[in-house]
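Numbering (my numbering), first residue to last: 360 to 968.
If you want it as structure tokens, here you go:
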């Protein structure tokens with residue numbers, strides 16, 4: 360899979376150094392911009408969250424201060440009533456109505472009523488209304504019971520409708536928060552316990568917190584007691600009817616400060632501050648969705664900055680990549696001229712010191728390579744000539760000796776016509792063998808040489824086998840290496856049909872489907888196994904018996920490869936008792952003096968390489 364992706368990328372993405380540098384710089388720039396954008400956005404988001412939290416804490420702190428001021432004023436009024444009036448008077452003999460009315464009038468904007476009870480629930484004094492409603496059971500009121508249960512503390516009740524005294528003349532019902540405390544009464548010289556009740560106007564607290572909620576749309580504030588019961592909430596009616604829920608039950612577990620909670624599937628920033636004297640907890644809630652909506656403009660701004668910076672970086676990358684790669688591209692153009700075979704290419708030398716050094720080194724290397732190529736061509740040509748000379752030296756003495764011996768016994772047997780035929784064939788054979796020193800001849804001459812050789816061999820072996828030639832006229836004027844068919848025929852005689860009574864050798868020449876030339880030599884001889892076939896075209900001929908001139912097919916194969924390249928040569932197919940077929944594969948090249956000189960100089964093979 361990795362290889363497929365790598366290959367696809369090589370095909371799709373141009374591999375020039377300029378593109379590579381541009382892409383690399385672009386990728387690095389993109390990554391840097393993205394990282395910078397993400398970091399900036401996260402830093403800004405964290406800072407915005409901190410600022411929002413700090414702002415919530417400040418608002419909450421100021422609200423707590425205002426609320427504590429109000430509650431402190433109610434406490435001072437309660438203290439004044441207790442210490443300056445109640446403790447100084449004999450409740451049985453003296454009235455404290457005037458002091459109570461005076462305190463009420465001074466604080467009536469924040470108060471609904473003041474009242475003094477004994478521990479049996481009897482009303483002594485009250486302001487502004489001093490008449491209780493019928494069937495009012497003060498002893499069952501929570502504020503009354505708590506005051507007597509813990510006389511050392513001040514007690515604040517939950518909001519409730521004031522329902523103790525006779526209805527207001529205006530028939531209004533007031534929501535109050537009752538501040539109650541246990542007091543010591545002097546009743547005719549006898550100490551007696553009592554309860555001082557201050558009904559604070561709930562509307563004051565409500566207005567105070569409403570103003571905070573109205574001034575800040577991102578958050579809301581609510582108030583609950585130390586057990587989590589809601590005292591104030593901007594959606595109190597919806598909570599009461601079950602249309603809205605609040606996580607007030609968890610507030611008693613929270614300490615003062617800010618935290619993130621998840622409630623009803625939504626994350627919220629919650630800030631808690633405790634109100635002194637009461638144990639109440641003022642809670643600020645900022646839904647995270649409001650925070651994310653506020654960050655949308657910031658995200659857009661960060662994205663715009665990243666995009667603009669990235670475009671600038673792309674433009675700068677292109678300029679830098681072009682300046683850096685221009686000398687390398689010029690040097691690459693010089694190398695392309697060399698690849699195209701341009702004579703005396705102008706190799707670029709310039710640019711940075713490294714590129715200039717490469718250009719000089721390339722020029723010196725090219726000069727050395729050209730000289731080495733000339734030396735190698737000369738060496739290969741000498742090698743080819745040496746191999747051909749070795750082949751001819753192997754063929755001529757042995758074959759000439761046997762042929763002349765046959766001519767001698769023909770003359771001695773007064774078979775003059777046969778002797779003349781043998782001499783004629785021998786002369787023609789050596790005429791082709793010599794070929795004025797040429798190594799490349801027409802296929803027509805090579806076939807004539809093969810026919811002369813086989814005519815001589817048929818006389819020598821007294822027609823112990825038959826031979827046929829089927830050569831396509833289209834290939835006769837094409838080029839071939841000299842003396843490549845005769846060694847194969849010799850092997851066919853000595854390894855195939857010599858000891859048979861009905862031996863057959865068939866030679867065919869034709870143009871293949873691929874446009875190349877194929878010459879096959881087939882016999883119906885004894886054949887060979889696979890191991891012997893493989894040994895024929897290797898240097899290990901120990902598994903093949905040596906007969907005839909001793910010229911191996913490997914010699915023929917190598918001369919074809921040396922002249923035409925690795926694509927060409929011999930192919931051997933054989934089965935025991937089924938015969939053998941040797942196929943010569945060479946390119947189809949017209950026999951002209953120009954092509955002959957080119958092939959003999961080795962240029963054809965060099966071009967293919």
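The C-beta atom is built at its ideal place from N, Cα and C for all residues, glycine as well.
> Are residue 897 and residue 913 closer than 8 Å when you measure CB to CB?
Replying inline: For this step, residue 897 is matched to residue 538 along the chain shown. For this step, residue 913 is matched to residue 554 along the chain shown. A contact, by the Cβ cut-off of 8 Å.
> Can we say the region 657–664 touches the region 628–636, given the rule of at least three CB pairs closer than 8 Å?
Replying inline: no
> Which whole runs of the alpha helix (DSSP H) in the region 567–610 are 4 residues long or more, in chain order?
Replying inline: 595–599
>> I'd like to check one pair, residue 445 with residue 555: are the Cβ atoms closer than 8 Å?
In response: Numbered from 1 along the chain shown, position 196 holds the residue referred to as residue 555. Numbered from 1 along the chain shown, position 86 holds the residue referred to as residue 445. Taking 8 Å as the Cβ cut-off, residue 555 and residue 445 qualify as a contacting pair.
> At a cut of 8 Å, does the region 418–432 reach the region 628–648 through at least three beta carbon pairs?
Replying inline: yes
> How many Å lie between residue 907 and residue 889 at the Cα?
Replying inline: On the chain shown, residue 907 is found 548 positions in, with the first residue counted as 1. On the chain shown, residue 889 is found 530 positions in, with the first residue counted as 1. In this predicted model, residue 907 has a pLDDT of only 45, less than 50, meaning its place in the structure is not dependable enough to derive any value.
>> I need the boundaries of the alpha helix (DSSP H) containing residue 971, first residue and last residue.
In response: Nothing about residue 971 can be reported from this structure: the residues present for the chain run from 360 to 968 only.
> Pick from 932, 927, 677 and 938: whose alpha carbon is nearest that of residue 944?
Replying inline: Taking the first residue of the chain shown as 1, we reach residue 944 at position 585. Minimum Cα distance to residue 944 is reached at 927.
>> Taking the straight line between their C-alpha atoms, what separation do you get for residue 668 and residue 645?
In response: As a position in the chain shown, residue 668 is number 309, starting the count at 1. As a position in the chain shown, residue 645 is number 286, starting the count at 1. So the alpha carbons of these two residues sit roughly 34 Å apart.
>> At the level of alpha carbons, what is the spacing between residue 534 and residue 507?
In response: As a first step, residue 534 must be located in the chain shown, where it is residue number 175. As a first step, residue 507 must be located in the chain shown, where it is residue number 148. If I take the Cα positions, the gap works out to 23 Å.
>> So for residue 559, helix, strand or coil by DSSP?
In response: On the chain shown, position 200 is the one that residue 559 refers to. Of the three classes helix, strand and coil, the one that applies to residue 559 here is strand, per DSSP.
>> Using a 10 Å radius around the Cβ and a threshold of 16 neighbouring Cβ atoms, would you call residue 514 buried or exposed?
In response: Here the question's residue 514 lines up with position 155 in the chain shown. Counting Cβ neighbours within 10 Å, residue 514 comes out buried, since at least 16 surround it.
>> Taking only three categories from DSSP, how would you classify residue 689?
In response: By one-based count along the chain shown, residue 689 stands at place 330. DSSP places residue 689 in helix when its eight states are reduced to three.
> In this structure, does DSSP put residue 513 in helix, strand or coil?
Replying inline: Counting from 1 along the chain shown, the entry for residue 513 is found at position 154. Coil.
> So residue 582 packs on residue 641, CB below 8 Å; how close in whole Å?
Replying inline: For the purposes of this step, residue 582 is taken as residue 223 along the chain shown, with counting starting at 1. For the purposes of this step, residue 641 is taken as residue 282 along the chain shown, with counting starting at 1. Right, their Cβ atoms sit about 5 Å apart.
> What's the gap between the Cα of residue 819 and the Cα of residue 857?
Replying inline: Within the chain shown, the letter at position 460 stands for residue 819. Within the chain shown, the letter at position 498 stands for residue 857. Approximately 11 Å between the Cα atoms of the pair.
> alpha helix (DSSP H) containing residue 502: first to last residue?
Replying inline: Locating residue 502 in the chain shown gives position 143, where the first residue counts as 1. First-last of the alpha helix (DSSP H) with residue 502: 501–508.
> Tell me, which residues are paired with residue 716 by DSSP?
Replying inline: Numbered from its first residue, the chain shown carries residue 716 at position 357. Residue 716 is not bridged to any residue.
> Does DSSP put residue 674 in a helix, in a strand, or in coil?
Replying inline: Numbered from its first residue, the chain shown carries residue 674 at position 315. Looking at residue 674 - three-state DSSP - the assignment turns out to be helix.
> Which of the three DSSP states, helix, strand or coil, is assigned to residue 908?
Replying inline: For the purposes of this step, residue 908 is taken as the residue at position 549 of the chain shown. For residue 908, the predicted structure reports a pLDDT of 43, less than 50, and the residue's modelled location is therefore unreliable. A value from the coordinates is still provided. Note: residue 908 maps to coil in three-state DSSP.
>> So, with DSSP's three-state summary, where would you put residue 615?
In response: What you label residue 615 is simply residue 256 of the chain shown in a count that begins at 1. Reduced to three states, the DSSP call for residue 615 is coil.
>> Could you compute how far the alpha carbon of residue 441 sits from the alpha carbon of residue 473?
In response: The residue labelled residue 441 in the question sits at position 82 within the chain shown. The residue labelled residue 473 in the question sits at position 114 within the chain shown. Taking the straight line joining both Cα atoms gives about 12 Å.
> Three or more C-beta pairs closer than 8 Å, one from the region 566–573 and one from the region 539–553: is that the case here?
Replying inline: no
> Under a three-way DSSP split, which group does residue 668 fall into?
Replying inline: Numbered from 1 along the chain shown, position 309 holds the residue referred to as residue 668. Of the three classes helix, strand and coil, the one that applies to residue 668 here is helix, per DSSP.
> What residue does the alpha helix (DSSP H) around residue 802 start on, and which one ends it?
Replying inline: As a first step, residue 802 must be located in the chain shown, where it is residue number 443. It spans 802–819 - the alpha helix (DSSP H) in which residue 802 sits, taken as one unbroken run.
>> Tell me which residue opens and which closes the alpha helix (DSSP H) that residue 847 is part of.
In response: Looking up residue 847 in the chain shown gives position 488. Where residue 847 is concerned, the enclosing alpha helix (DSSP H) stretches over 845–851.
> Buried or exposed: where does residue 893 fall if 16 or more other Cβ atoms within 10 Å of its Cβ makes it buried?
Replying inline: As a position in the chain shown, residue 893 is number 534, starting the count at 1. Label assigned to residue 893: exposed.
>> My assumption, with CB atoms under 8 Å, is that residue 841 sits in contact with residue 803. Please give the rounded CB distance.
In response: What you label residue 841 is simply residue 482 of the chain shown in a count that begins at 1. What you label residue 803 is simply residue 444 of the chain shown in a count that begins at 1. The pair is not a contact, with the Cβ atoms about 12 Å apart (cut-off 8 Å).
>> Once the 5 residues before and after residue 594 are set aside, which same chain residues still bring their CB inside 7 Å of it?
In response: Position 235 of the chain shown holds residue 594. So the list reads 603, once near-sequence residues are dropped.
>> Using 8 Å as the cut-off, can you tell me whether the region 458–465 makes contact with the region 510–525, which would need three or more C-beta pairs spanning the two stretches below that distance?
In response: no
> Going by Cα to Cα distance, which pick from 872, 884 and 957 is closest to residue 839?
Replying inline: Locating residue 839 in the chain shown gives position 480, counting from the first residue. Nearest of 872, 884 and 957 to residue 839, Cα basis: 957.
> Given that a residue counts as buried once 16 or more other Cβ atoms are within 10 Å of its Cβ, and exposed if not, what is residue 864?
Replying inline: Mapped onto the chain shown, residue 864 falls at position 505. Result: buried.
> For residue 696, does the three-state DSSP call read helix, strand or coil?
Replying inline: The sequence position of residue 696 within the chain shown is 337, counting from 1. Helix, per DSSP.
> Should residue 876 and residue 809 be called a contact, given that it needs their Cβ atoms to be closer than 8 Å?
Replying inline: The count along the chain shown starts at 1 and reaches residue 876 at position 517. The count along the chain shown starts at 1 and reaches residue 809 at position 450. Going by C-beta atoms, residue 876 is not nearer than 8 Å to residue 809.
> Where residue 639 and residue 610 are concerned, what is the direct C-alpha to C-alpha distance, given to the nearest angstrom?
Replying inline: Here residue 639 corresponds to residue number 280 of the chain shown, with the count starting at 1. Here residue 610 corresponds to residue number 251 of the chain shown, with the count starting at 1. Their backbone Cα atoms lie some 10 Å apart in a straight line.
> Distance, Cα to Cα, residue 438 vs residue 557?
Replying inline: Counting from 1 along the chain shown, the entry for residue 438 is found at position 79. Counting from 1 along the chain shown, the entry for residue 557 is found at position 198. Near 11 Å, if we compare the C-alpha coordinates of residue 557 and residue 438.
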